[in-house]
Amino acid sequence: MRIGSGTAIAGVAALAVVGMALTTAFEPVWAHGPTRQKVRESIEINAPPAKVWAVIGNFQDMSWLPPVTKTEGEKGNEIGATRKLTLTGGATVDEELYKFDAAAMTYSYRITTVDVKVLPVTNYSSTLTVTPSADGKGATLEWAGAFYRGFPNNDPPPELSDEAAKTAVSGLYKAGLEALKKKIESGS
Numbered sequence: 000m001r002i003g004s005g006t007a008i009a010g011v012a013a014l015a016v017v018g019m020a021l022t023t024a025f026e027p028v029w030a031h032g033p034t035r036q037k038v039r040e041s042i043e044i045n046a047p048p049a050k051v052w053a054v055i056g057n058f059q060d061m062s063w064l065p066p067v068t069k070t071e072g073e074k075g076n077e078i079g080a081t082r083k084l085t086l087t088g089g090a091t092v093d094e095e096l097y098k099f100d101a102a103a104m105t106y107s108y109r110i111t112t113v114d115v116k117v118l119p120v121t122n123y124s125s126t127l128t129v130t131p132s133a134d135g136k137g138a139t140l141e142w143a144g145a146f147y148r149g150f151p152n153n154d155p156p157p158e159l160s161d162e163a164a165k166t167a168v169s170g171l172y173k174a175g176l177e178a179l180k181k182k183i184e185s186g187s
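The sequence shown finishes on residue 187 if you use numbering that gives the first Met the number 0, and the numbering steps up by one all the way, no holes.
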């Protein structure tokens with residue numbers, strides 16, 4: 000092999016790349032901030048799926064969610080529709096619809112504005128889906144969300160941690176699903 004030949008230089012370059020790859024592979028792994036969290040809750044409702052969809056299928060009405068005292072919005076169920084939820088105590092949450100399929104009885108939305116003191120999350124998106132229950136006698140309502148904790152850096156305070164975010168979202172979903180079940184099954 001002659002020094003300066005293209006083959007020799009290519010061989011040295013290839014060895015250098017392999018050496019760097021091996022060195023990098025054995026470096027310690029350091030924390031790099033939050034990871035996306037997911038919560039999924041569901042409930043069986045003793046009612047036909049169409050009846051459940053009739054209650055939740057209007058993006059502009061979230062009166063069934065216990066902390067919501069008022070819903071205002073624009074564009075109905077069109078993609079890009081918005082709504083502002085006013086909560087007990089006066090805090091607000093702004094949301095936007097980005098998927099809607101009435102035939103499949105599902106829609107997805109994202110929070111565009113929320114104070115982390117109200118809900119300790121960022122980059123939140125969620126999907127509500129109604130399906131026939133396994134026994135065919137009722138409906139299953141599933142509420143699934145993905146989000147990051149309210150604190151974007153390492154070492155979050157406890158109230159803005161991954162656990163706090165998951166606990167808050169899970170609690171919200173469970174309260175909402177229980178309220179829907181009661182509302183639909185009682186006919187009120």
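Positions of the beta carbon are idealized from the N, C-alpha and C atoms, including for glycine.
6 Å CB neighbourhood of residue i in its chain, flanking five on each side removed
i	result
V113	V92
I2	Because the pLDDT of I2 is 49, which lies under 50, any placement of that residue in the model is unreliable, and the number read from its coordinates should be weighed accordingly. For I2, where only same-chain residues beyond five positions count, there are no Cβ hits under 6 Å.
A145	R35, K37 and S124
T166	none
P65	A174 and A178
A107	In the sequence as presented, Ala is not what sits at residue 107; that position holds Ser. So the qualifying residues of the chain are Y97, K98 and T126.
K69	T85
Helix, strand or coil at residue i [DSSP, three-state]
i	result
L171	helix
I183	helix
P119	coil
P48	helix
D161	helix
V113	coil
A101	coil
A80	coil
L140	strand
L96	strand
L64	coil
T166	helix
A145	strand
E71	strand
Inter-residue spacing [alpha-carbon to alpha-carbon] between residue i and residue j
i	j	result
P47	Q36	31 Å
Y123	A164	10 Å
G75	E162	34 Å
E71	T121	22 Å
N152	A90	25 Å
V117	V168	11 Å
V115	G186	35 Å
F150	M61	27 Å
E141	K181	16 Å
S41	G170	12 Å
A143	R39	4 Å
G56	L176	14 Å
Y204	V67	Only positions 0 to 187 of the chain appear in this structure, which leaves residue 204 out of reach.
Sequence-distant residues of the same chain with beta carbon closer than 8 Å to residue i, five excluded per side
i	result
I78	L96, Y97, K98 and F99
R148	P33, Q36, P119, V120, T121, P155, L159, S160, D161, A163 and A164
F58	G72, G75, N76, A80, R82, L96, F99, Y106 and Y108
Residues of its chain near residue i, where Cβ-Cβ distance is below 7 Å and the 5 sequence neighbours each way are ignored
i	result
T111	D93, E94 and E95
T22	Summary for T22: the model assigns pLDDT 48, below 50, so the residue's position carries little reliability, and this model does not support an answer.
I183	I44, A46, K50, V51 and V54
P157	A163
Nearest-angstrom Cβ-Cβ length linking residue i and residue j, presumed shorter than 8 Å
i	j	result
W63	V51	Their Cβ separation, rounded to whole angstroms, is 11 Å, which puts W63 and V51 out of contact at 8 Å.
Take every Cβ of the segment 128 to 135, pair it with every Cβ of the segment 93 to 113, and state whether three or more of those distances are shorter than 8 Å. Yes, they touch.
Evaluate contact between the segment 134 to 147 and the segment 67 to 86, counting only Cβ atoms and requiring at least three cross-stretch pairs below 8 Å. no
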